[in-house]
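Engineer: Provided herewith is a single structure, encoded as structure tokens, for subsequent inquiry.
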Amino acid sequence: MRIKITMQKKDFTLPIAYKHAIQGTIYHMFPKTKEGEFFHDEGYRIENKVFKMFTFSDLKGKYSIVDRKIIFDEYTTLYIASLNEEFIRYIYDYLCRNSMLFINHQEVKVVSVDIEDLRPFLGIQKKTIITLSPVTAYKTENRYTTYYKPSDDESENLVLENIKKKAEAYGYPLEALHFHIINVDYEKKQLIKFKNTLYEAYRIRMSVEADYDTLSIIYNTGLSSKGSCGFGMIEVADEKDNLFV
């Protein structure tokens with residue numbers, strides 16, 4: 002499940018690397034309770050990995066780049082998704098009580114809030130997916146990180162491994178796992194900074210084969226790694242008109 006937030010602020014100015022600021026705003030919406038602290042501090046653990054089970058999009062809206070800052074004209078849209086519906090309920094409740102959000106020390110007006118979800122389907126189907134935030138896939142061995150393009154064969158293996166671990170950590174009833182990249186129609190490399198780390202990531206449009214449960218995990222937690230840092234959020238192009246990468 003995901004929430005779509007439309008916001009308004011004239012000349013809304015952020016650093017180019019604004020993902021950490023958005024993540025901080027999301028965490029701020031949770032109550033200072035045991036449940037809220039779970040989403041912020043604990044997450045879902047398996048082996049030595051922790052999954053927060055959420056992801057968020059880049060900000061969408063008209064903008065310009067000036068002096069290494071991004072300036073949005075007035076209206077922006079943010080998508081936040083989670084496999085846990087309670088996560089979305091906390092955010093929705095906060096937005097119902099508050100007409101403003103604080104992002105990077107700025108007050109931004111909440112114009113509208115909408116709830117969306119992946120449309121159910123039966124069997125294994127071909128879908129076209131588009132990133133709403135760039136996807137990053139990598140391996141780290143002996144402190145050396147190797148990044149993979151979505152069109153690399155290893156990228157599909159990393160996505161499958163990521164889905165399996167998320168499903169196991171969450172206790173998601175995933176009896177069968179099916180995800181296959183048919184073709185990468187578009188991929189554009191970007192270097193994205195989060196905190197003090199620079200990640201190689203890609204904006205993509207690609208055709209895949211998937212069953213509903215597998216695609217639902219990707220839809221709600223991100224494609225591959227670093228979903229809770231704002232990487233890998235996808236939309237199913239078959240369900241939306243005029244999507245852009």
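In the working numbering, the protein residues as written are 2 to 246.
For every residue, glycine included, the Cβ atom is placed at its ideal position computed from N, Cα and C.
Keep in mind it's a predicted model, so treat the numbers as computed, not measured.
Just tell me which of N221, T14, V111, S65 has its CA closest to the CA of R120.
Structural biologist: Position 119 of the sequence shown holds residue 120. R120 has its Cα closest to that of N221, out of N221, T14, V111, S65.
Engineer: Please report how far the alpha carbon of S113 lies from the alpha carbon of Q24, in whole angstroms.
Structural biologist: Taking the first residue of the sequence shown as position 1, residue 113 is located at position 112. Taking the first residue of the sequence shown as position 1, residue 24 is located at position 23. Going from the Cα of S113 to the Cα of Q24 covers about 20 Å.
Engineer: Decide yes or no for the touch test of the segment 84–101 against the segment 193–201: beta carbon pairs closer than 8 Å, at least 3 of them.
Structural biologist: Not touching, per the Cβ criterion.
Engineer: Taking the alpha carbon of K293 as the reference point, which residue from K167, P151, K227, T78 has its own alpha carbon closest?
Structural biologist: Only positions 2 to 246 of the chain appear in the structure, and residue 293 is not among them; the question remains open.
Engineer: Can you check the segment 150–190 for any alpha helix (DSSP H) of at least 4 residues that lies completely inside it and give the ranges in chain order?
Structural biologist: List check, alpha helix (DSSP H) in window: 154–171.
Engineer: Below 8 Å on the Cβ atoms is my contact criterion, and I expect Y149 with S226 to pass it. Report the Cβ-Cβ distance as a whole number of Å.
Structural biologist: To locate residue 149, count along the sequence shown from 1; it is residue 148. To locate residue 226, count along the sequence shown from 1; it is residue 225. At roughly 11 Å, the Cβ-Cβ gap does not stay under 8 Å, so Y149 and S226 are not in contact.
Engineer: Taking just the CA atoms, how far does K35 sit from V246?
Structural biologist: Here residue 246 refers to the residue found at position 245 of the sequence shown. Here residue 35 refers to the residue found at position 34 of the sequence shown. Residue placement at V246 cannot be trusted, given a pLDDT of 46 that sits under 50; the coordinates are not used to answer.
Engineer: Going by DSSP, what residues sit across from T78 in a beta bridge?
Structural biologist: Working through the sequence shown from its first residue, we reach residue 78 at position 77. Paired residue(s): T7, K61.
Engineer: Output the distance between the C-alpha atoms of N85 and K167, rounded to the nearest integer angstrom.
Structural biologist: To locate residue 85, count along the sequence shown from 1; it is residue 84. To locate residue 167, count along the sequence shown from 1; it is residue 166. Cα to Cα, the separation comes out at about 12 Å.
Engineer: Quick check: F232 and V209, are their CB atoms within less than 8 Å of each other?
Structural biologist: Taking the sequence shown and counting its residues from 1, the one referred to as residue 232 is at position 231. Taking the sequence shown and counting its residues from 1, the one referred to as residue 209 is at position 208. Not in contact: F232 and V209 (Cβ atoms no closer than 8 Å).
Engineer: State the beta-bridge partners of L1 as determined by DSSP.
Structural biologist: Only positions 2 to 246 of the chain appear in the structure, and residue 1 is not among them; the question remains open.
Engineer: Is the distance from the Cβ of A238 to the Cβ of I130 below 8 Å?
Structural biologist: The count along the sequence shown starts at 1 and reaches residue 238 at position 237. The count along the sequence shown starts at 1 and reaches residue 130 at position 129. Contact: yes.
Engineer: How is the beta strand (DSSP E) around A22 delimited, first residue to last?
Structural biologist: By 1-based counting over the sequence shown, the position of residue 22 is 21. No beta strand (DSSP E) contains A22, which is instead part of the alpha helix (DSSP H) from 20–29.
Engineer: Suppose the cutoff is 8 Å on Cβ atoms and the five residues either side in sequence are ignored; what does the same chain contact list for I27 look like?
Structural biologist: Taking the sequence shown and counting its residues from 1, one reaches residue 27 at position 26. Closer than 8 Å at the Cβ level, and outside the excluded window around I27, lie F55, F57, I81, I92.
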